[in-house]
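2 protein chains.
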Amino acid sequence: MEREIDVVVVGGSAAGLTAALTARRHYQDKSILIIRREEQVLIPCGIPYIFGTVESPENNLIPDAILGKNDIELLVDTVVDIDRAAKTLQTKGGETVLYKKLVLSTGSLPVKLPLPGSDQDSVFAVEKSVPYLESMLEEIDKASDLLIIGGGFIGVEFADECKKNRNLNVTIVEMLPHCLQAAFDEDFCKQAESLLDSKDINRITSEKIERFTGDGKVKGAILSSGSEIEADVVIQSVGVKPNIALAKECDLDIGPLGGISVDRSMCTSDPDVFACGDCAEKVSFFTGQPSRLWLASIATTEARVAGANLFGITRAYPGAIGVYSTVIGDTAFATAGLTEKGAKKAGYCSVSGRAASVNRHPGRMPGGAELVLELLFERQTRVLIGGQAMGAKSSGELINAVSACIQQGMTADQIATFQTGTHPALTASPIAYQLVNAAEEAIGAMNE
Amino acid sequence: MEREIDVVVVGGSAAGLTAALTARRHYQDKSILIIRREEQVLIPCGIPYIFGTVESPENNLIPDAILGKNDIELLVDTVVDIDRAAKTLQTKGGETVLYKKLVLSTGSLPVKLPLPGSDQDSVFAVEKSVPYLESMLEEIDKASDLLIIGGGFIGVEFADECKKNRNLNVTIVEMLPHCLQAAFDEDFCKQAESLLDSKDINRITSEKIERFTGDGKVKGAILSSGSEIEADVVIQSVGVKPNIALAKECDLDIGPLGGISVDRSMCTSDPDVFACGDCAEKVSFFTGQPSRLWLASIATTEARVAGANLFGITRAYPGAIGVYSTVIGDTAFATAGLTEKGAKKAGYCSVSGRAASVNRHPGRMPGGAELVLELLFERQTRVLIGGQAMGAKSSGELINAVSACIQQGMTADQIATFQTGTHPALTASPIAYQLVNAAEEAIGAMNE
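Going line by line, the protein sequences match chains A and B.
As numbered in this note's numbering, residues 1399 to 1846 make up the first sequence, in order.
As numbered in this note's numbering, residues 1399 to 1846 make up the second sequence, in order.
Below, the structure written as structure tokens:
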């Protein structure tokens, strides 16, 4: 079967779906087709929650109803060949599709450590596949000792969720001195770690795995220090790599970190092919340098740029700020932009300010929880370059106000006099409001 | 007794306290004195919650400890005279204070309707006084029928709180067609009203009070339509007027809406006297016209401008955006900037976009609640001029991201590709995130 389609999107997760929806919004008369391999699409950020709060992969799916509602066709199939000269692609199922514009949103693959013994049963990575996650869930339900390799967001979320309602010994091994260190400065990391401690989650930091033990099924791991830990299930959460097999096969340019090269409009080296999401190479908003930020929220932003630009450039992506959050127990951790350490590495001279307050006023209002915000400014220009929040769950929205301030290049004085709304049952008091007070504190430090 | 002080702040509520704290942050060597009449300072926005959730005025106070910590002196006394030529002021208690810079933050007084029978017992306004509120609480605890005049934020919050844990018949009389109409467009108002209905709070809209009945203590009210309602307690929540007695007495310029005239630096007609908070005249961020927005969050923002500018102008206030929120039951309502109706009145040609989603992903994550966001853009420039949110309590922070976007003049395209962070346990999914999707919807409407 052969068909002609205006916009073909390869991949149907956060980036692909959003690119298709954006294309529909901006080009109402175009035909749009998503081709994806998976029968069912997982909510990527929800995957750790399958192992606790939401209970199964089936409870963590992106419903397909939105496709029909937006007149987007779906083909569950695998693209095996792209002919850019002919503007056609072939699927495993035998279909030939002619496209006018092509969007590659083929996502990423989990990094698997090439260690001795890693090919044994019960050594998992975080594959975005319903059957794979089902088998992982089954193994964890039977396990006594769970080893999680990597103490970033995903590792920490897996640890917290797997510990819930299970009599399970959970250990995180992290090669850096602290968990969550890529996203937070040390005192935030330490708070997160003390929450992990309070949940009896073991942490081994500044350590690597040397090899796995076992007899076909994993039994444990030997650390670089020589010590051994027991494990009947291993989860590797040590990052992802762009899935660029198709892009390479059709000779698109590839970036220095292994993603598909894109310009500010999310266009690849072929003007009729766009790329977005984890498969696309990223640059930092702050430095213009290649960036290792692979996040669903970056994927959807890139997709909103790509989808709108297909038949005429109207949007530009200024590079990744990196806005993300997590929760340990009931405590939220959220970050946007650079950490102090990251700023120094990027050549910034920075100064920070911190404000803490209960997120209600008076503090005895129901739902009151401490919310700490730290803001980071470039000293010379006084422009905001980063923020970290911790505490109340409204941190998840507060960090987006911080992101708006970063993206708009707001200075400390602009933020200190920024017009916010406050309410006894919803936020800190207007006197103590964290966003403006953290900026004031930084101004104090700048003037010293 | 006579003393010399660098910075004297008259008034110690949201504006006065924040002005003093800001002055301390920016001028570490100056002496700072707050003179206020009240022994204890109430959290202004918390006042309705005294009558339900927080139970008493004593539980809704701004603690004075922050003054000592910041080396700010306090004098509980009443200023009776200001001599601007001599730069001195006199207090009722007999003190003479010489100032270098004076900040007036004398607040506002509640409007009392000059109606027949309004001087009877149990006809209250919302006075910011602990003993007054204590007597009001005592009366409400004994009451059977409570009449609330004015269905704005304060009226609605009083109704919701007074109804809690009391067998009380509560009726709101509002002269406009809807409650909360000054802050929200009709469909948001209707949602709020249906929540009031579900709590058995009576509403009489498009009606005014003609007179009160009673024999020295109020017994009820006659409406303009002629009908009568019973009431053994009446609360008037029909707005405030700037408290400018002192400013008038010392001949400072007064603005068209009766507030102390101030420029962008919050300086009055006397270069050594600043004013901020409810007593200061306000202009709209959007129109530059006088504005009737009296909010604690505006007061504190103005105070941060005034306090920093005392000995050299470094900050400007761009006019009031108007960012505020409320809660009915568990449902938050938040607004920033112009409503559709307000935009039309101000001469804007506007276009809106709306997005709704659960504030979790998947929606079954704990704490999931619908969150609806409507954004309003100027059609020609595509710049954001307003936003209204309703639903989950994180609306209280989301509206501050909206405020940042308004204040920075962000366009619909900038917001649609704005970099946000999302998390299963904290926010909507990155695909459905309300802020960017409402902007996309508006773009669709603009392109039609």
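We treat Cβ as the ideally placed atom computed from N, Cα and C, and that holds for glycine.
Separation of residue j from residue i, as counted between CA atoms
i                         : j                         : result
valine 1632 (chain B)     : serine 1689 (chain B)     : 28 Å
lysine 1490 (chain A)     : alanine 1678 (chain A)    : 24 Å
isoleucine 1538 (chain A) : alanine 1557 (chain A)    : 11 Å
valine 1452 (chain B)     : isoleucine 1441 (chain B) : 12 Å
glutamate 1608 (chain B)  : leucine 1513 (chain B)    : 7 Å
tyrosine 1447 (chain A)   : glutamate 1559 (chain A)  : 6 Å
arginine 1482 (chain B)   : alanine 1643 (chain B)    : 15 Å
lysine 1606 (chain A)     : glycine 1727 (chain A)    : 26 Å
serine 1411 (chain B)     : valine 1439 (chain B)     : 6 Å
threonine 1494 (chain B)  : isoleucine 1433 (chain B) : 12 Å
glutamate 1532 (chain B)  : asparagine 1458 (chain B) : 12 Å
proline 1508 (chain A)    : serine 1516 (chain A)     : 14 Å
serine 1625 (chain B)     : threonine 1569 (chain B)  : 14 Å
arginine 1702 (chain B)   : alanine 1645 (chain B)    : 20 Å
cysteine 1443 (chain A)   : glycine 1766 (chain B)    : 16 Å
aspartate 1585 (chain A)  : leucine 1574 (chain A)    : 15 Å
For residue i, three-class secondary structure by DSSP
i                         : result
valine 1554 (chain A)     : helix
leucine 1796 (chain A)    : helix
asparagine 1600 (chain B) : strand
glutamine 1832 (chain B)  : helix
tyrosine 1847 (chain A)   : Outside the displayed range of chain A (1399 to 1846) lies residue 1847 (chain A), so it cannot be described from this structure.
isoleucine 1403 (chain A) : strand
aspartate 1670 (chain A)  : coil
lysine 1510 (chain B)     : coil
proline 1529 (chain B)    : helix
cysteine 1587 (chain A)   : helix
leucine 1594 (chain A)    : helix
lysine 1562 (chain B)     : coil
cysteine 1348 (chain A)   : Examination of residue 1348 (chain A) is not possible in this model, given that chain A is present from 1399 through 1846 alone.
leucine 1419 (chain B)    : helix
isoleucine 1696 (chain A) : helix
serine 1659 (chain A)     : coil
threonine 1703 (chain A)  : Sequence inspection shows valine at residue 1703 (chain A); the threonine mentioned does not correspond to that position. Helix, per DSSP.
glycine 1492 (chain B)    : coil
glutamate 1456 (chain A)  : helix
isoleucine 1445 (chain B) : helix
isoleucine 1430 (chain B) : strand
leucine 1535 (chain B)    : helix
Nearest-angstrom beta carbon gap, residue j and residue i [assumed within contact, 8 Å]
i                            : j                            : result
valine 1725 (chain A)        : histidine 1759 (chain B)     : Their Cβ separation, rounded to whole angstroms, is 13 Å, which puts valine 1725 (chain A) and histidine 1759 (chain B) out of contact at 8 Å.
lysine 1499 (chain A)        : valine 1405 (chain A)        : 5 Å
leucine 1473 (chain B)       : leucine 1511 (chain B)       : Not a contact, Cβ separation roughly 35 Å.
leucine 1708 (chain A)       : glutamate 1795 (chain B)     : That pair is no contact at about 34 Å.
glycine 1751 (chain A)       : alanine 1840 (chain A)       : 3 Å
phenylalanine 1775 (chain B) : valine 1501 (chain B)        : The Cβ separation is near 37 Å, so there is no contact.
leucine 1544 (chain B)       : valine 1571 (chain B)        : 11 Å between Cβ atoms; not a contact.
alanine 1837 (chain A)       : valine 1749 (chain A)        : In fact, because the Cβ distance is near 11 Å, the residues do not count as touching under 8 Å.
leucine 1578 (chain A)       : phenylalanine 1731 (chain A) : 7 Å
threonine 1699 (chain A)     : threonine 1815 (chain B)     : 6 Å
leucine 1782 (chain A)       : isoleucine 1813 (chain A)    : 6 Å
aspartate 1583 (chain B)     : threonine 1737 (chain B)     : 5 Å
alanine 1734 (chain A)       : valine 1800 (chain A)        : 5 Å
serine 1792 (chain A)        : asparagine 1757 (chain A)    : 6 Å
Residues sharing a beta bridge with residue i, DSSP
i                         : result
arginine 1609 (chain B)   : B:Ile1620
aspartate 1481 (chain A)  : A:Thr1486
glutamine 1786 (chain A)  : A:Thr1733, A:Glu1772
asparagine 1567 (chain B) : B:Asp1543
glutamine 1634 (chain A)  : A:Ala1523, A:Ile1547
leucine 1465 (chain B)    : Paired residue(s): none; leucine 1465 (chain B) is not in a bridge.
alanine 1814 (chain B)    : Answer is none; alanine 1814 (chain B) lacks a bridge partner.
leucine 1497 (chain B)    : This sequence places tyrosine at residue 1497 (chain B); leucine is not what is there. According to DSSP, which records beta bridges pairwise, tyrosine 1497 (chain B) is partnered with B:Ile1403.
proline 1640 (chain B)    : B:Ser1506
alanine 1718 (chain B)    : B:Ser1682
Proximity test, residue i beta-carbon vs the ligand SAM heavy atom, cut-off 7 Å
i                        : result
glutamine 1589 (chain B) : Only the bare structure without any ligand can be found here, which leaves the ligand SAM out of the picture.
Q.
Measuring CB atoms only, is the stretch 1660-1668 of chain A touching the stretch 1705-1719 of chain A, in the sense that at least three cross pairs come out at less than 8 Å?
A. yes
Q) At a cut of 8 Å, does the stretch 1639-1657 of chain B reach the stretch 1710-1725 of chain B through at least three beta carbon pairs? A) no
Q.
Across the stretch 1608-1627 of chain B and the stretch 1513-1526 of chain B, are there enough close Cβ pairs to call them in contact, namely three or more that are closer than 8 Å?
A. yes
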